[in-house]
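Enquirer:
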Amino acid sequence: MKKKIIGFGASISTTSINKAFAAYALGFFPEYEVELVDLNDFEVPVFSVDCEKENCPQAVRDFLDKLKSADILVCSMAEHNRNWTVGFKNLFDWCSRLDLKLLQHKPMLLLSTSPGGYGGQNSLNIAKTIFPAFGGNILTTFALPKFHENFDPTQGIREETLLAAFKKQVEDFKNQLIKEN
Ligand SMILES: Cc1cc2nc3c(=O)[nH]c(=O)nc-3n(C[C@H](O)[C@H](O)[C@H](O)COP(=O)(O)O)c2cc1C
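Position 129, counted from 1, in the sequence shown is what the working numbering calls 121; the numbers after and before it change by one each time, with no gaps.
1. Over the uninterrupted beta strand (DSSP E) stretch that includes residue 135, give me the two end residues.
2. Verify the contact flag: residue 53, CB atom, against every heavy atom of ligand 1, threshold strictly below 6 angstroms.
3. Provide the residue(s) that pair with residue 105 in DSSP beta bridges, ordered along the chain.
4. What's the C-alpha gap between residue 139 and residue 10?
5. If you run the structure through DSSP and keep just helix, strand and coil, what is residue 142?
6. When you compare only the Cα positions, how much space is there between residue 17 and residue 40?
7. For ligand 1, is there a heavy atom less than 6 angstroms away from the beta-carbon of residue 149?
8. Can we count residue 79 as close to ligand 1, meaning its CB is less than 6 angstroms from some heavy atom?
9. Give a single yes or no on whether residue 108 has its beta carbon closer than 6 angstroms to a heavy atom of ligand 1.
10. Considering only DSSP beta bridges, list what residue 1 is partnered with.
11. Say the cut is 6 angstroms; is the CB of residue 167 nearer than that to a heavy atom of ligand 1?
12. Return yes when the C-beta of residue 73 is under 6 angstroms from any heavy atom of ligand 1, and no when it is not.
13. Bridge partners for residue 10 per DSSP, in chain order?
14. Please list the terminal residues of the continuous alpha helix (DSSP H) segment that includes residue 36.
15. Starting from the C-beta of residue 60, find all residues in its chain whose C-beta is less than 6 angstroms away, skip the five residues before and the five after it, and write them out in chain order.
16. Tell me whether residue 148 sits in a helix, a strand or coil according to DSSP, three-state version.
17. So does the region 101 to 117 actually touch the region 30 to 39, counting three or more Cβ pairs closer than 8 angstroms?
18. At a threshold of 6 angstroms, does residue 14 count as lining ligand 1 (C-beta to nearest heavy atom)?
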């Protein structure tokens, strides 16, 4: 049976460029069963301890189950005001109340992109710093700057140097996977 790799953009935008980037990254793993997850399929109210007292939405358990079902995770961090998007943080907070190690220690390729020149690296760096405390097992990272200039919706990364750098990170990720197994 093929191992399963799940990808998602850390955003609830229906036109998320990070979801598009995660989908592109999944294409580099033909040896796996791949699934692109949309955070909008796990809609939850804004977290508060008061709201939590009422009940924990089923979508929280569903998202945790989805993460558990994966052998590998590809997560592309969107950035709002140099931080995570509210939609992702909200789901993350809900999940952390049920399972502090929500990322399940699954090997992770951590990505980010944004229309700006820093490519969402503030958001990526926060994830890189704190994910390990939440069961994150980040093997490799890559930030794609200036998404709209450097990414073609049908062909993917169009700038040669960036494409080479991305491929190198994917290769490095796969090599680390071999070492882990
Ligand atoms: C409120 C807001 C704040 C933003 N702040 C940043 C920022 O700090 N850094 C950045 O690179 N892009 C920023 N952007 C642009 C986002 O990176 C861009 O909207 C991107 O499409 C978000 O990713 P997504 O499409 O995957 O949701 C911001 C956008 C919004 C709406």
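Built from N, CA and C at the ideal position, the CB exists for glycine as well.
Expert: Looking at the atomic coordinates:
1. If you look at residue 135, you'll find it in the beta strand (DSSP E) that goes 129 to 136.
2. In this structure, residue 53 has its CB at a distance of at least 6 angstroms from all heavy atoms of ligand 1.
3. Residue pairing from DSSP places residue 105 in a beta bridge opposite 136.
4. Roughly 9 angstroms between the two C-alpha positions.
5. Note: residue 142 maps to helix in three-state DSSP.
6. If I take the Cα positions, the gap works out to 34 angstroms.
7. Relative to ligand 1, even the nearest heavy atom lies 6 angstroms or more away from the CB of residue 149.
8. Flag unset: Cβ of residue 79 not near ligand 1.
9. Placement of the Cβ of residue 108 at a distance of less than 6 angstroms from at least one heavy atom of ligand 1 is found.
10. The partner list for residue 1 (beta bridge, DSSP) reads 68.
11. The closest heavy atom of ligand 1 lies 6 angstroms or more from the beta carbon of residue 167.
12. For ligand 1, at least one heavy atom lies less than 6 angstroms from the Cβ of residue 73.
13. The partner list for residue 10 (beta bridge, DSSP) is empty, contrary to what the question assumes.
14. DSSP places residue 36 in no alpha helix (DSSP H); its state is neither H nor E.
15. Hits under 6 angstroms: 96.
16. DSSP places residue 148 in strand when its eight states are reduced to three.
17. Remark: fewer than three beta-carbon pairs, one from each stretch, lie closer than 8 angstroms, so the region 101 to 117 and the region 30 to 39 are not flagged as touching.
18. Short note on residue 14: C-beta not closer than 6 angstroms to any heavy atom of ligand 1.
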